[in-house]
Amino acid sequence: MIQILFNAPTADWDDYAAPLSKALHEKGITATIHRPWDQPAPDFAAIDYVIYNPRGPVQDFAAFTSAKAVLSLWAGVEKIVGNNSLTQPLCRMVDDGLELGMVQWVAGHTLRHHLDIDFYLSHQDGVWRQGQIQPPLPQDRTVAVLGLGALGAACARQLAGLGFRVLGWSRSQKSIEGVECHFGNEGLRDVLAQAEILATILPDTPATTDLLNAQTLALMPKGAVILNPGRGTVLVEQDLIAALDTGQVGHATLDVFRTEPVPADHPFWSHPNITVTPHIAAETRPLTAARVIAENIHRGETGQPFIHRVDRSRGY
Ligand code: NDP
Ligand code: OXD
């Protein structure tokens with residue numbers, strides 16, 4: 107019998123209990139799932155797999171002496187990747203539910219700005235404004251995606267499918283049909299210089315921190331739109347506000363922040379050209395995520411390599 111610890115906030119258990127049991131059953135896995143708050147307390151030394159949410163109560167992994175892996179329910183692993191008590195393999199969440207959520211958030215917010223939907227929303231006043239604005243056709247609109255991993259590549263493909271001219275940027279060279287792929291510092295400058303709408307879907311690492319700052323924002327076409335569903339650390343907040351105030355950046359739609367929840371008195375809330383969404387771009391869906399967790403436990407039990415294993419030296 108396999109021993110699993112569900113290390114997530116207490117409130118998540120109701121959503122995950124049935125999907126996890128079903129997914130494990132479908133893989134032929136017989137397991138007991140413990141929770142950190144159980145009484146008597148679970149014996150951490152006997153746990154085979156830790157299901158991990160960064161908001162879970164256990165953040166010290168030293169006591170899991172038999173654990174074969176820590177399986178994250180989140181795609182981003184910045185809260186655990188540098189944890190010195192973690193000696194077990196770490197796998198992150200890559201799944202269809204996350205991907206569809208992110209693709210829809212990015213496509214929806216891109217279309218909002220491309221079509222200037224706000225213009226009509228703010229003019230419901232009885233005046234027939236035909237001919238007042240005309241968006242370019244999508245092939246004449248350049249949209250760029252920073253980060254071409256599981257989520258960024260899916261967004262770039264979808265945007266290309268909508269007819270946009272799509273540029274992408276990643277650490278290593280990529281080849282994605284319909285997407286002009288760039289990499290490295292030179293590549294970043296080329297991409298930013300053309301990006302009328304920019305989506306940043308990068309992990310939080312030392313190399314991506316402060317990537318969008320006064321200097322890099324100044325490279326973009328005047329009035330460019332920024333969408334950030336990746337991580338808040340990619341943006342220097344004061345530099346973004348300054349760029350919005352001069353009109354260098356036209357609008358920023360932000361889903362992730364350096365401090366979450368964003369404090370009620372943070373200037374982002376009241377800025378006329380910022381839209382805040384509360385870290386909902388791509389929420390982990392228990393049904394699809396449970397299948398990924400079960401697949402990795404099955405792999406661990408049958409001597410196959412884990413999928414979506416994090417390269418801890420790279421940080422993502
Ligand atoms: P991946 O690890 O699959 O992809 C990361 C991408 O970023 C890769 O293309 C990688 O390049 C690129 N990258 C990393 N570092 C650099 C760098 N220094 N310079 C250039 N490119 C870099 O991650 P996912 O696509 O699955 O997820 C991306 C991020 O999205 C997550 O880390 C998380 O922070 C965020 N996220 C946000 C959610 C939300 O609800 N707001 C939900 C889920 C995730 P290469 O391919 O060359 O390695
Ligand atoms: C994630 C997130 O990383 O929801 O999965 O941000």
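In my numbering, the protein residues as written are 107 to 422. No residue lacks a Cβ here, since even glycine has one placed at the ideal position from N, Cα and C.
Exposed unless 16 or more other CB atoms sit within 10 angstroms - verdict on residue i
i, result
"S278", "exposed"
"T138", "exposed"
"W211", "buried"
"T390", "buried"
"E302", "buried"
"D345", "buried"
"W180", "buried"
"S191", "exposed"
"Q236", "exposed"
"Q354", "buried"
"I413", "exposed"
"W143", "exposed"
"W275", "buried"
"M107", "exposed"
"P146", "exposed"
"R271", "buried"
"S172", "exposed"
"P148", "buried"
"V233", "exposed"
"H357", "buried"
Residue i Cβ short of 7 angstroms to the ligand OXD heavy atom set
i, result
"T390", "yes"
"M208", "no"
"G356", "no"
"A137", "no"
Cβ-heavy atom distance, residue i to the ligand NDP, below 7 angstroms
i, result
"D310", "yes"
"I186", "no"
"I282", "no"
"P385", "Reading off the sequence, residue 385 comes out as His, not Pro. Yes."
"V212", "no"
"S278", "yes"
"I307", "yes"
"Y441", "Outside the displayed range of the chain (107 to 422) lies residue 441, so it cannot be described from this structure."
"T365", "no"
"T454", "No answer is possible for residue 454: it lies beyond the span of the chain, which begins at 107 and ends at 422."
"W424", "Outside the shown range of the chain (107 to 422) lies residue 424, about which nothing can therefore be said."
"P160", "no"
"A423", "Residue coverage of the chain in this structure runs from 107 to 422, which leaves residue 423 outside it and unanswerable."
"L204", "yes"
"A256", "yes"
"D434", "Since the first residue shown for the chain is 107 and the last is 422, residue 434 is missing from the structure and cannot be characterised."
"V233", "no"
"G409", "no"
"R418", "no"
"R337", "yes"
"V297", "no"
"G253", "yes"
"V200", "yes"
beta-carbon residue i near the ligand GDP non-hydrogen atom, thresh 7 angstroms
i, result
"T381", "Judged by which ligands are present, the ligand GDP is missing from the structure shown, whose ligands are the ligand NDP and the ligand OXD."
CB contact check: residue i to chain C, cutoff 8 angstroms
i, result
"F150", "Chain labels in this structure do not include chain C; a single protein chain is all it has."
Problem - Whole beta strand (DSSP E) elements within the stretch 314-355, 3-residue minimum - result: 330-334
Practice task
Take every Cβ of the stretch 227-238, pair it with every Cβ of the stretch 411-421, and state whether three or more of those distances are shorter than 8 angstroms.
Solution key: no
Handout entry: the stretch 364-371 touching the stretch 270-284, judged by at least three CB pairs closer than 8 angstroms
Key = no
Handout entry: Three-pair Cβ contact test at 8 angstroms for the stretch 328-345 versus the stretch 289-308
Key = yes
Handout entry: At least three beta-carbon pairs within less than 8 angstroms, the stretch 150-159 to the stretch 369-388
Key = no
Handout entry: By C-beta, the residues closer than 5 angstroms to any heavy atom of the ligand OXD, given in chain order
Key = W180, A181, G182
Handout entry: 3-residue-minimum beta strand (DSSP E) runs that sit fully inside the stretch 162-187, ordered along the chain
Key = 175-178
Handout entry: Cβ pair count under 8 angstroms reaching 3, the stretch 122-133 against the stretch 395-408
Key = yes
Handout entry: Three CB pairs or more closer than 8 angstroms across the stretch 404-411 and the stretch 210-224
Key = no
Practice task
Taking 8 angstroms as the threshold, find out whether the stretch 324-334 comes into contact with the stretch 285-299 through three or more Cβ pairs.
Solution key: yes
Exercise for the section: Report yes or no: do three or more beta-carbon pairs, one from the stretch 286-293 and one from the stretch 311-324, lie closer than 8 angstroms? Expected result: no
Handout entry: Inter-stretch contact (C-beta, 8 angstroms, three-pair minimum) for the stretch 377-389 and the stretch 245-256
Key = no
Exercise for the section: Let me know the alpha helix (DSSP H) ranges lying completely inside the stretch 175-254, each 4 residues or longer, listed in chain order. Expected result: 202-220, 223-227
Exercise for the section: Would you list, in sequence order, the uninterrupted beta strand (DSSP E) runs of no fewer than 3 residues that lie entirely inside the stretch 272-307? Expected result: 285-289, 303-306
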